[in-house]
Structure formats: structure tokens, C-alpha cells
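Take a look at the structure below.
Protein chains: 2
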Amino acid sequence: MAEGGAAGGEGLLYLTDDQLRKGIEAMFFAYRAFTSDPDRILAVHDYGRAHHRALHFIHRSPGTTVTNLLAILGVTKQSLNRVLRTLVEDGLVEARIGHADRRERHLHLTAGGLALERQLSDAQRARMRAAYRAAGPEAVAGFRLVLEAMMDADTRRHYLRLRDGT
Amino acid sequence: MAEGGAAGGEGLLYLTDDQLRKGIEAMFFAYRAFTSDPDRILAVHDYGRAHHRALHFIHRSPGTTVTNLLAILGVTKQSLNRVLRTLVEDGLVEARIGHADRRERHLHLTAGGLALERQLSDAQRARMRAAYRAAGPEAVAGFRLVLEAMMDADTRRHYLRLRDGT
DNA sequence: GAGTTTACGTCAGCCTTGTTGACTTTCCAA
DNA sequence: TTGGAAAGTCAACAAGGCTGACGTAAACTC
């Protein structure tokens with residue numbers, strides 16, 4: 592509790608437990624919608640959300656290494672490897688041995704990988720665009736501010752590095 | 592594509608593909624943080640996210656039926672049933688047979704269920720409160736607006752019914 | 001040059017939580 | 001009163017997290 596309920600009295604009504612609860616529920620329902628369009632496309636190709644995440648971040652940072660991707664995704668290498676292996680086998684991702692350090696695998700999307708990534712992100716952007724347009728630019732700024740404030744410090748570092756040029 | 596890239600020219604720069612992509616990534620990273628605190632608590636008790644969701648919505652709508660909960664959570668009844676069964680076995684949830692319709696099960700939290708729900712929502716609210724406070728009231732209003740615009744129409748109905756008194 | 005560390009891959013096995021299919025009990029309407 | 005629909009349960013399978021152990025090659029360090 593500590594500070595819910597009656598609220599300080601000034602302009603802090605947006606911090607009441609009730610307001611926070613609405614935010615929590617909004618987050619839950621919106622995230623489900625957010626993932627639903629890609630999920631439908633992925634199901635057709637017999638892939639899952641994990642494949643989408645890999646495709647997305649390889650697309651964002653072509654040539655990234657496996658270790659790098661692990662830090663961004665926050666999963667174990669065994670988990671990522673399973674997904675990566677199927678993507679390489681299916682010819683959507685290419686894992687090139689590093690020049691300077693031959694232990695590294697630099698990940699790139701193939702033409703096929705780019706095509707699927709495009710299909711997925713088009714769907715996701717379409718929903719986001721509709722929501723942005725409906726809410727307006729000031730709302731969008733606030734949306735981003737709150738989400739960024741919600742991240743862990745470590746995660747925010749990854750996010751900001753991606754957000755502002757690689 | 593359709594309208595990304597150069598943008599119409601007016602004040603539509605917030606709808607560029609680049610801006611949308613940042614929103615998408617913010618959503619991904621923030622949601623992970625959003626679920627991390629409850630996840631830690633749940634792990635201690637040997638429960639998962641699905642248990643949290645059930646506890647949350649039973650708390651919100653005491654006496655709700657299984658079918659009702661199904662519509663809100665958007666999973667199959669078999670999936671929900673498994674979670675519900677463990678919660679009932681562990682004495683966190685009580686499933687009372689319906690008066691009017693004996694096929695129905697009306698769900699209630701026990702004292703133990705209320706305690707765990709409180710612990711989980713306290714943790715989740717703490718993070719949300721910190722983010723709200725950091726971003727400020729105008730940002731919070733925008734945050735909610737965008738999330739609501741992102742939901743499917745059906746989901747939004749459930750959300751609004753919960754948002755404005757039961 | 002030997003030993004340690006790093007990057008990556010893999011096998012095995014576990015858990016949660018989603019799925020479909022088949023089934024019982026209960027209610028209601030023809 | 002009977003047949004269909006609705007509410008809920010049991011069984012089995014798959015995706016994708018996880019841990020732990022182990023292997024290999026390359027790089028680094030002393």
C-alpha cells in the first residue's frame with residue numbers, strides 16, 4: 592500500500608492504486624493484441640514468437656553475434672540455439688564465421704529471411720500505426736516515456752543503443 | 592510500407608516506420624520488465640504467469656465463472672482448468688457450485704489466495720508507480736490512450752467493463 | 001609453449017502453458 | 001422426454017523456456 596487510496600491530495604491522483612491497476616490491465620490486454628498479428632503469420636510457417644524475435648533483432652543489427660543476441664533477448668543459449676538452428680536450416684538466416692575472431696558467428700538474414708521479417712513487421716507496424724494515429728502525437732510521446740521508465744536499467748541500455756543509431 | 596519513410600510532410604513524423612519500430616521495441620522490452628517482478632515471486636511458490644492471471648481476474652471479479660474467465664484470458668478451458676485445479680488444490684481459490692445453474696463454478700479467492708494476489712500486485716504496482724512518477728501525468732494519459740487503441744475491439748470491451756466499475 | 005578463458009554448439013531432461021480430442025454432467029427447449 | 005448445447009474435466013501432445021554437463025576451436029596470458 593504505502594501511498595494508494597486517498598492519494599497525497601495535490602495532483603497525484605494518477606498514482607492511486609486504482610489508476611495503476613488500470614495501467615496494468617491495459618498493458619496485459621494491449622500486449623496480447625500486439626503479438627497476435629505476427630503470431631498468426633508465424634503459425635502458417637510453423638514458427639513461434641521466439642523465431643520472430645531472432646529475425647527482428649538480426650534484421651536490426653546485421654552481423655551481430657550469438658552472444659550479443661543472447662544479451663538482448665535475455666534467454667539461454669540453448670534456447671536461442673534451437674531457434675537459430677531451424678532458421679539456418681530453413682535458409683532464413685546465415686551464420687558467417689568471424690574475420691577477426693573465428694570463434695564468432697555473425698548473423699545475417701538471407702533474402703528469404705528478409706521477406707518473412709518484412710511480412711511480420713509490416714503486420715506489427717500496421718497495428719501500431721493505427722493506434723498511434725488514433726491516439727495522436729502527444730499520447731505517443733507519453734506512451735514511449737512510460738514504457739522506457741518501466742524497463743530495467745540494463746535492458747534500457749540495450750534499448751537506447753538500438754533506438755539511437757546502432 | 593504505404594506511408595512510412597518521408598512522411599506526408601505535415602505533423603505526421605510520429606507515424607514514420609522508424610518511430611513505429613521504436614514503439615514496437617519499447618513494448619517488447621517494457622513488457623518483459625513488467626512481468627519480471629511477479630515472475631520472481633511466482634517461482635518461489637512454484638507457480639507460473641498463468642496462475643497470476645487467474646488470481647488477478649478472480650480478485651477483480653469475485654464470483655466470476657470459469658466461462659467468464661475464459662473470455663477474458665483468451666485461452667482454452669483446458670488450459671485454464673489445469674491452472675485453476677492447482678490453485679483449488681492448494682487452497683488459494685474456492686470453486687462454488689452455482690445456485691441457479693449447477694453447471695457453473697463461481698470462483699473466489701481464499702485468505703491465502705488474497706495474500707498471494709496482494710503480494711504479486713504490490714510488486715507490479717511498485718514498478719508501475721515508479722514509471723508513472725518518472726514520466727508524469729500527461730505521459731500516463733498518453734500511455735493509456737495508445738494501449739487502449741492497440742487492443743482488438745473484443746478485448747477492449749472486456750477491458751472497459753473492468754476499467755469502469757464491474 | 002602450456003594453461004586458461006571465451007564463443008559457440010549439443011545432448012539430455014525438466015516445467016509451464018498453450019493446443020486438440022473425447023468425455024460427463026447439467027440445463028433447457030422442442 | 002429426449003436431444004442438443006453448455007460447463008467443466010481428463011488425457012496427451014508441442015513449443016519454448018530452463019538447468020546441467022560436456023566438447024571444440026580459437027584467442028589470450030603468463
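In order, the protein sequences belong to chains A and B.
Yeah, the first sequence ends on 757 if you go by my numbering, and it's all consecutive.
Yeah, the second sequence ends on 757 if you go by my numbering, and it's all consecutive.
We put the beta carbon where it would ideally sit given N, CA and C, even for glycine.
Quick caveat: nothing in here was measured; it's all calculated off a predicted structure.
Among Gly727(A), Leu736(A), Asp713(A), Val635(A), whose alpha-carbon lies nearest the alpha-carbon of Leu736(B)? Gly727(A)
Along the stretch 664–685 of chain A, what residues have a CB closer than 9 Å to any CB found in chain B? Gly665
If you draw a straight line from the C-alpha of Ala734(A) to the C-alpha of Ala617(B), how long is it? According to the sequence as given, residue 734(A) is Phe; it is not Ala. The straight-line gap from Cα to Cα measures roughly 9 Å.
Check whether Ile741(A) and Ile615(B) have beta carbons under 8 Å apart: The sequence shown places Met at residue 741(A), not Ile. Cβ distance not < 8 Å, so Met741(A) and Ile615(B) don't count as in contact.
Distance check for Asp713(A) and Ala732(A), CA to CA, integer angstroms please. 22 Å
Between Ala722(B), Thr677(B), Leu603(B), Ala624(B), which lies nearest to Gly639(B) when the distance is taken from Cα to Cα? Thr677(B)
Cβ of Ile615(B) within 8 Å of any chain A Cβ: yes
What in chain B is Cβ-close to Val635(A), meaning under 9 Å? Ordered by position in chain B, no residue passes the 9 Å Cβ test against Val635(A), which lies about 19 Å from the chain.
Val674(A) lies in the alpha helix (DSSP H); which residues open and close that run? 668–680
Using 8 Å as the threshold, is the C-beta distance between Val679(B) and Leu700(B) below it? no
At a threshold of 7 Å, does His749(A) count as lining the ligand GDP (C-beta to nearest heavy atom)? With respect to small molecules bound, the structure shown includes none, and the ligand GDP cannot be examined in it.
In chain order, which continuous runs of the alpha helix (DSSP H) of length 4 or greater are located wholly inside the stretch 635–719 of chain A? 640–651, 657–664, 668–680
Could you tell me the alpha carbon to alpha carbon distance between Tyr605(A) and Ala722(B), rounded to whole angstroms? 12 Å
At the level of alpha carbons, what is the spacing between Thr746(B) and His690(B)? 29 Å
Express the C-alpha separation of Tyr750(A) and Leu698(A) in angstroms, rounding to a whole number. 19 Å
Hey, does Thr658(B) have any beta-carbon neighbour from chain A nearer than 8 Å? no
For Gln715(B) and chain A, any beta-carbon pair shorter than 8 Å? yes
By the 7 Å beta-carbon criterion, what residues does the stretch 722–734 of chain A contribute toward chain B? Ala722, Tyr723, Arg724, Ala725, Ala726, Pro728, Glu729, Ala730, Val731, Ala732, Gly733, Phe734
Closer than 8 Å to chain B by CB, Arg694(A): no
Same chain, Cβ closer than 6 Å to Glu594(B), five either side skipped, listed in chain order: Low per-residue confidence applies at Glu594(B): pLDDT is 45, beneath 50, and the placement is therefore not dependable, though the value from the model is reported in the following sentence. Nothing meets the Cβ criterion.
For Asp608(B), would you say it is in contact with chain A, using Cβ-to-Cβ distances shorter than 8 Å as the test? yes
Own chain, CB closer than 6 Å to His650(B), minus 5 neighbours either side, in chain order: Leu700, Glu708
Taking Asp628(B) as the reference, which of Pro653(B), Ala730(B), Asp743(B), Ala717(B) has the closest Cα? Ala717(B)
Do the CB positions of Gly682(A) and Gly703(A) come within less than 8 Å of each other? yes
The alpha helix (DSSP H) enclosing Leu794(A), as first and last residue numbers: Since the first residue of chain A shown is 592 and the last is 757, residue 794(A) is not available in this structure.
Comparing C-alpha positions only, which one of Leu711(A), Glu729(A), Phe625(A) sits nearest to Phe648(A)? Leu711(A)
Which class does Asp743(B) belong to by DSSP, given the choice of helix, strand or coil? coil
Give every residue of the same chain whose Cβ lies closer than 7 Å to the Cβ of Leu753(A), excluding the five residues on either side of it in the sequence, and list them in chain order. Arg651
Answer yes or no: do His642(B) and Val674(B) have a C-beta to C-beta separation smaller than 8 Å? yes
I'd like to know whether the C-beta atoms of Leu738(B) and Ala725(A) end up nearer to each other than 8 Å. no
Determine the direct distance from the alpha carbon of Leu603(A) to that of Asp755(B), and round the result to whole angstroms. 20 Å
Look up Asp630(B) in the DSSP assignment and say whether it is helix, strand or coil. helix
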